Amino acid sequence: MKRGNIMTEAKKLVLTFENDHGKSSLLTLVKFKEPVDAAKVKATIAVIAQSQIFVTKEGFHTYTTPAST
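The opening residue of the sequence shown carries number 1 in the working numbering; numbering runs sequentially from there.
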């Protein structure tokens, strides 16, 4: 993000998964509560993977297996 002559970097929380094809798939969050609790993030990653609610238009699951640790 650029403000005048100052460049600032926005914080991001990047969660890494494997998709149905075994390839890396990233879920990037730009708004999240700080400080980040590692145990809560790990539990959330597991819930996202188990829910299988993110699906491509071809019907493949985007976030199948948690890879973030």
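Just so it is clear, CB atoms sit at the ideal spot from N, CA and C, and this is done for glycine as well. Since this is a predicted model, take the numbers as computed values, not measurements.
Is it buried or exposed for residue i, if we count other Cβ within 10 angstroms and need 16 for buried?
{"i": "LYS2", "result": "The predicted position of LYS2 is uncertain, since its pLDDT is 47 and thus under 50; a value taken from the coordinates is nonetheless stated next. LYS2 comes out exposed."}
{"i": "THR64", "result": "buried"}
{"i": "LEU15", "result": "buried"}
May I have the straight-line CA-CA distance separating residue i from residue j, to the nearest angstrom?
{"i": "PHE17", "j": "SER25", "result": "5 Å"}
{"i": "LEU13", "j": "HIS21", "result": "23 Å"}
{"i": "LYS23", "j": "GLU58", "result": "16 Å"}
{"i": "VAL41", "j": "PRO66", "result": "11 Å"}
{"i": "HIS61", "j": "THR44", "result": "17 Å"}
{"i": "PRO35", "j": "THR56", "result": "32 Å"}
{"i": "GLN52", "j": "LEU27", "result": "13 Å"}
{"i": "TYR33", "j": "ALA49", "result": "First, the amino acid is wrong: residue 33 is Lys here, not Tyr. So the alpha carbons of these two residues sit roughly 21 Å apart."}
Beta strand (DSSP E) runs contained entirely in the region 23-50, provided each spans 3 or more residues: 24-29
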